[in-house]
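Participant: Counting from 6, one number per residue, gives the positions in the sequence shown under the numbering used here. C-beta atoms are modelled at their ideal positions from N, C-alpha and C, and glycine is treated no differently. Pasting a structure below so you can have a look.
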Amino acid sequence: MSDVIPVESIVRKIYFIRDTKVMLDRDLAELYEVETGQLKRAVRRNIDRFPDDFMFELTKEELENWRCQFGTSNSVKMGLRYRPIAFTEQGVAMLSSVLRSKRAIHVNIQIMRAFTKLRQMLLTHKDLKRKIEAMERKYDKQFRIVFDAIEQLIDTESKPKRKIGFDIKEPRAAYGKQKGKSIKTR
6 MSDVIPVESI
16 VRKIYFIRDT
26 KVMLDRDLAE
36 LYEVETGQLK
46 RAVRRNIDRF
56 PDDFMFELTK
66 EELENWRCQF
76 GTSNSVKMGL
86 RYRPIAFTEQ
96 GVAMLSSVLR
106 SKRAIHVNIQ
116 IMRAFTKLRQ
126 MLLTHKDLKR
136 KIEAMERKYD
146 KQFRIVFDAI
156 EQLIDTESKP
166 KRKIGFDIKE
176 PRAAYGKQKG
186 KSIKTR
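Next comes the structure, spelled out in structure tokens:
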């Protein structure tokens with residue numbers, strides 16, 4: 006039962022709201038295989054276990070922004086009658102003690118693994134960014150010459166170019182009209 010849900014599918018259900026990684030009540034209910042209302046009732050019965058840093062209700066604006074992430078229109082409620090509750094990593098961990106089922110325990114283990122994997126990925130990206138910035142500083146002087154040459158090429162391309170070749174003027178008639186007068190020939 007350790008592979009109840011693949012970690013990758015859980016990671017897709019983790020959102021960044023209020024600069025915090027959270028999971029929404031409807032996604033958690035789906036993972037735990039319970040009704041969203043049942044999950045919310047269990048939380049309300051044990052509300053002392055869920056301080057503000059464990060869970061919060063989305064504001065109207067946050068809900069609209071979340072809907073926009075999926076490209077759905079604002080008029081579509083996506084099956085929501087009430088604003089969803091967002092659970093932080095600690096709140097999700099607390100849910101297994103509130104729901105008290107074998108599935109809740111195993112799903113929570115997978116969710117904790119997903120949060121850990123996500124945290125490792127973010128750290129890897131930060132390390133990579135830091136290494137690139139260090140390389141930029143190290144090689145900046147060497148590449149400055151190249152960047153200056155590229156800028157000069159761009160500047161010369163933007164200047165108007167002289168035409169190459171000859172200008173063709175209207176040919177003069179050997180006879181016929183000349184300066185607006187007609188010339189008669191025999």
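1. What number of angstroms, rounded off, separates the C-alpha of Thr-25 from the C-alpha of Glu-35?
2. May I ask you to list the residues that DSSP assigns as paired with Lys-26?
3. Can you tell me which of the three DSSP states Ile-173 falls into?
4. For Ile-90, does the three-state DSSP call read helix, strand or coil?
5. Within this structure, are the beta carbons of Phe-55 and Met-99 separated by less than 8 angstroms?
6. Tell me the DSSP bridge mates of Met-60?
7. Thinking C-beta only, is Val-12 closer than 8 angstroms to Arg-118?
8. Is Tyr-37 near Val-103, with beta carbons less than 8 angstroms apart?
9. Quick check on DSSP: helix, strand or coil for Glu-40?
10. Could you tell me how far apart the beta carbons of Phe-92 and Val-27 are, in whole angstroms, since I believe they sit closer than 8 angstroms?
11. Using only CA atoms, which one of Leu-68, Ser-101, Gln-95 and Glu-66 lies nearest to Val-39?
12. Look at the alpha carbon of Leu-44 and the alpha carbon of Lys-65, and state the distance between them as a whole number of angstroms.
13. On the CB-based measure, 16 or more other CB atoms within 10 Å of its CB, does Ala-139 come out buried or exposed?
14. Is it right to say Thr-129 is buried, meaning 16 or more other beta carbons lie within 10 angstroms of its own, or is it exposed?
15. To the nearest angstrom, how far is the alpha carbon of Leu-158 from that of Val-151?
Facilitator: Checking against the coordinates, here is how it stands:
1. In the sequence shown, counting from the first residue as 1, residue 25 sits at position 20. In the sequence shown, counting from the first residue as 1, residue 35 sits at position 30. About 21 angstroms.
2. Your numbering for residue 26 matches position 21 in the sequence shown. Lys-26 is bridged to Phe-21.
3. Sequence index remark: in the sequence shown, residue 173 carries index 168 (1-based). Coil.
4. Translated into positions along the sequence shown, residue 90 becomes position 85. Reduced to three states, the DSSP call for Ile-90 is strand.
5. On the sequence shown, residue 55 is found 50 positions in, with the first residue counted as 1. On the sequence shown, residue 99 is found 94 positions in, with the first residue counted as 1. Yes, Cβ-Cβ distance for Phe-55 and Met-99 is below 8 angstroms.
6. For this step, residue 60 is matched to residue 55 along the sequence shown. Per DSSP, Phe-92.
7. The residue labelled residue 118 in the question sits at position 113 within the sequence shown. The residue labelled residue 12 in the question sits at position 7 within the sequence shown. Yes, the pair counts as a contact, with Cβ atoms nearer than the cut-off.
8. For the purposes of this step, residue 37 is identified with residue 32 of the sequence shown, where counting begins at 1. For the purposes of this step, residue 103 is identified with residue 98 of the sequence shown, where counting begins at 1. No, they are not a contact pair.
9. As a working note, residue 40 is residue 35 in the sequence shown. Here Glu-40 sits in coil by DSSP.
10. For the purposes of this step, residue 92 is taken as the residue at position 87 of the sequence shown. For the purposes of this step, residue 27 is taken as the residue at position 22 of the sequence shown. Yes, they are in contact, since the Cβ atoms of Phe-92 and Val-27 sit about 6 angstroms apart, within 8 angstroms.
11. Counting from one through the sequence shown, the residue named residue 39 turns up at place 34. The candidate whose alpha carbon is nearest that of Val-39 is Ser-101.
12. Start at 1 with the first residue of the sequence shown, and residue 44 comes out as number 39. Start at 1 with the first residue of the sequence shown, and residue 65 comes out as number 60. Answer to the nearest angstrom: the Cα atoms are 21 angstroms apart.
13. Walking along the sequence shown from the start, residue 139 turns up at place 134. Counting Cβ neighbours within 10 Å, Ala-139 comes out exposed, since fewer than 16 surround it.
14. Working through the sequence shown from its first residue, we reach residue 129 at position 124. By the 10 Å Cβ count, Thr-129 comes out exposed.
15. As a working mapping, residue 158 is identified with position 153 in the sequence shown. As a working mapping, residue 151 is identified with position 146 in the sequence shown. When the Cα atoms are used, Leu-158 and Val-151 turn out to be separated by approximately 11 angstroms.
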